[in-house]
Amino acid sequence: MNRVNRLKLPSILLLGLALAGCLDPSYDEAKNERTQIASESQDGDPIVVGVSWRSATEGDGFLRGVNLAVKEINQKGGVLDSPLEIIINDGESAYEDPNLSVAERQKAILDIANSFAANSNLVAVIGHSSSPIALLASVIYQNSGILFLSPVARYSKLTGHNFDYTFRTLLANDDTAMQVANYAAQKGYKNIAILHSRDNSSTELAEAFSTYAVDKHAANIVFRRSFFDNVVNIIDLIIDLKNVQKLDAVFIATSSGELSAKVYEQSRSMGVKQAFIGGEALDTKPFLTQVSQWENAKDIQKSAIPTLFNASSPKGQDFVKRYKNEYGLDEQPDYVSTLGYDTVVVLAHAIQLAQSTIPVEIATALRYMDPCQHIAGKYEFKPNGDLKNKALFFKHLLKHDFVYEQASNVKASETVNIPECNDIDRDHDTIPDNVDACPDSTDAEKVKGVRVQGANKGCPVDTDEDDVPDFKDSCSANTKRETAHGVDPGGCPNDSDKDGAADYVDDDIDGDTIANLADLCPKNTTAELAYGVNLTGKQLGCPLDSDADTVPDYLDTCRTNTPEEIKLGVTEAGCPVDKDMDGVLDYQDMCLKSPQGVVMAQQGCEVMDVTTTQKPNAFFFAPHQISMTPDGIALLDGLLVNRNLALLKKVQLIGYATQKNAAVSQNQLLTIADYLQQKKIPVDQLEMTTLETDNVPLAVETAVDKTKTDANKAKSAEKAKAAAEKARAATIAANAKKNDTIEIIFSQFQPKPVAAGPLVPTDSPKP
């Protein structure tokens, strides 16, 4: 029988079914009835889930995984206080019956789906053992409003219609292909052969792998062949494969583990020694058995088998133990068993999140839930129902056991902080963690109950809203009047003055002689009352602040400050501040930002050490040279030796030159400044000035005596001008003596011989 035709028809049929579903009002009626029954269900009513698979002899692993999950969940109280109940239909083997026509086989699957749809109590279906079957059934479930979780269908078209109710709990072909291509590149497989069966899903997987391997990793597809599912042998194909000169690995994509095992066994028998990689059909008992028989030989390269189930992980080992305890099997569960188990758990997780058994609400919870993890890794869904960001493991044979690894771009810690699926109520208070404001309440905190609504949902009950939860509240039924003045740690009304009368009935709570109604500070402590309270004014009943420095007397070390003393602020202790800690209080300090550790003159200003050095230009620079002479450099180094640059305030460079030579002088100063910067003197501490010795302005007194006549005024002006010219000439003559010289002035703070702390005034008033 031609299997190609079998797999091409469902896509055509899907469209017809979808259109029929839109037109047939019975679908809407069934959907509405299902929603109504779910919305009216009570605690204890079973949550009905359909499970569809092949006959039991073929599907033991999957069905055992499903049954184990249901049993364990029900033993823990079920979901929303209701047990899970499964209805199993194992009639899918008819789809593989070669004696039936294509239409008869398709009808067999539609009959299974319709039998589930006819049960109005059923909220979800898990299963269907292949992509074509799942594709057919998904349309019935969409139209009937039934949640559908597919654990094995990889074909993209299952979720390509963006149905509201369809999800898959394993990777789609495209995601698998990308990860296998990444792994192949990590292993250095450059020249790859592709062998695949001609069903739609296997062809899609092979195409996707080829695209990723070539486009992303520059691999070479050196050989590619396809074959029908019912192929008996592929000897001719393998002979062609062996003729390939450069080959690093063989990629296999088939619809079943049996077919992959047959291709592998015939290839090994004919001398193909390269590694095999492929899809998850390799992670099945028939293929793994062949690998175990061949790959302990030294000349056979290790195959890499992709899987979602790491049996060596702590979670995997625990699952294997529970699985064997339940069924008494010698063999481990495979990935299909794991996905059967996990799919039930993920469904329970979504029902818990939705707090509902209405299918559309469960679907919404699945689509938008935060990631959770279980036996087969992380579960998080894309809008179309595909898994999101789920990583494959790759296992290979080492002696007689399989070891596991992941691609190098997968972080080992990526699921460390992700919660377990269906463990969404850590403190078991019936409030899911995602809406629980106190998700880790202890048994003691829950003993009086938790809030079931509001911003503090899930937190211990506080009946009287006094911020003391009932589990530790000795007076949990206080009225608003009784809590108006606060409560003590035990939740009982405050008695601030310990007079035996609770504050809410006490006329003077703090005993300061000011009645509560007038007292602006009615709850003063004993310490606050030690120096008295204001008996009048805007601060009636509040602690005194005698010097009005904003520090109340009971905290004030300097309670009698004058306005002058506090005008620049006070410390937390109420004393005048000394912000630069120079021993001079700020209100007396003329230099408020003095550096620490230097000698201070009176009024808080620093004492400076000034050194001046003056040399001819020729001492620093040879004629027509811009670089300094050795003597000039030595002089500068001598000025810097043993000098504490931390105390340096500034360095002044002054050049004396005629107007004609002023530019030359300026360049020389720049050269000296550059050298000093190299010696760690900051640029903002360098000042440069060029004085033009022959450019002295004429300074004439302009004051006029109004008592003098105009003639006398003119005569006085002439005398003033003559005096100014004489002074100018004298200045030029004096400057000429400094002409063509450079003066260097270092100004430095004088350090204290012994470090001292901040001054504490000896005359500060005592408390």
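Start counting the sequence shown at 946; every next residue gets the next number (the numbering used here).
Using N, Cα and C, we set each Cβ at its ideal position, and we do this for glycine too.
- Here G1514 is exposed. Its C-beta has fewer than 16 other C-beta atoms within 10 Å.
- With respect to the 9 angstroms criterion, A1194 and N1136 are classified as neighbours on the basis of their beta carbons.
- Looking at the backbone, the Cα of N1479 and that of P1488 are separated by about 6 angstroms.
- Membership of P1251 in the beta strand (DSSP E) is indicated by the continuous run 1250–1252.
- In the DSSP assignment, H1319 falls outside any alpha helix (DSSP H) and within the unbroken beta strand (DSSP E) covering 1317–1319.
- If one requires a minimum length of 3 residues, the beta strand (DSSP E) runs lying completely within the segment 1332–1404 are 1338–1343, 1346–1350, in chain order.
- Counting of Cβ neighbours within 10 angstroms places N1270 among the exposed residues, the total staying below 16.
- Shown here, I1071 sits in a strand according to DSSP, grouped into three states.
- For F1694, same chain residues with a beta-carbon under 7 angstroms away, outside a window of 5 residues either side, are P1540, V1543, E1551, M1553, L1592, K1594 in chain order.
- Nearest neighbour of L1615 by Cα position, chosen from K1625, T1635, A1602, turns out to be T1635.
- Contact between P1384 and C1317 does not hold, since the beta-carbon distance rounds to 14 angstroms and is not under 8 angstroms.
- Spanning the alpha carbons of D1144 and D1174 requires a straight line of approximately 8 angstroms.
- In the same chain as A1082, and ignoring 5 residues on each side of it, the C-beta atoms closer than 8 angstroms to its own belong to S997, I1054, L1055, I1057, A1058, V1070, H1073, F1093, in chain order.
- For G1322, the enclosing beta strand (DSSP E) stretches over residues 1322–1324.
- Contact fails between the segment 1182–1189 and the segment 1230–1245, because fewer than three Cβ pairs, one in each stretch, are under 8 angstroms apart.
- In chain order, Q1124, N1127, Y1128, Q1131, A1336, L1337, F1339 place their CB closer than 8 angstroms to the CB of A1352, counting only its own chain and leaving out the 5 sequence neighbours on each side.
- Residue S1212 holds the alpha-carbon nearest to the alpha-carbon of L1140 among S1212, S1076, G1105, S1101.
- D1554: member of the beta strand (DSSP E) spanning 1553–1561, first to last residue.
- Here Y1286 is not near A1098, since their CB atoms are 9 angstroms or more apart.
- DSSP places T1229 outside both helix and strand once states are collapsed to three, so it counts as coil.
- Taking a cut-off of 8 angstroms on C-beta distances, the segment 1032–1050 does not touch the segment 1294–1306, as fewer than three cross pairs fall below it.
- For R1267, the enclosing alpha helix (DSSP H) covers residues 1259–1272.
- Between N1088 and Y1272, the CB-CB gap reaches or exceeds 9 angstroms.
- Of the candidates L1462, D1035, Q1570, P1627, the residue whose Cα lies closest to the Cα of V1596 is P1627.
- Taken in chain order, the complete alpha helix (DSSP H) segments of 4 residues or longer contained in the segment 1443–1520 are 1508–1511.
- For T1199, the closest alpha carbon among the candidates M1215, P1231, Q1219 is that of P1231.
- If only uninterrupted beta strand (DSSP E) runs of at least 3 residues are considered, those enclosed by the segment 1556–1610 are 1593–1602.
- Beta bridge pairing from DSSP links Q1020 with no other residue.
- Secondary structure at F1168: strand, using DSSP grouped into helix, strand and coil.
- Closest option to D1119, judged by alpha-carbon separation, among A1158, F1108, L1590: A1158.
- Following the DSSP letters along the chain, one finds G1223 inside the beta strand (DSSP E) bounded by residues 1220–1223.
- When secondary structure is reduced to three states using DSSP, A1668 falls in the helix class.
- Going by C-alpha positions, L1080 is about 35 angstroms away from N1362.
- For Q1533, the secondary structure class from DSSP, reduced to helix, strand or coil, is helix.
- I1689 is positioned such that its CB atom lies closer than 9 angstroms to that of I1599.
- Note that the segment 1008–1023 touches the segment 1276–1286; at least 3 beta-carbon pairs, one per stretch, sit closer than 8 angstroms.
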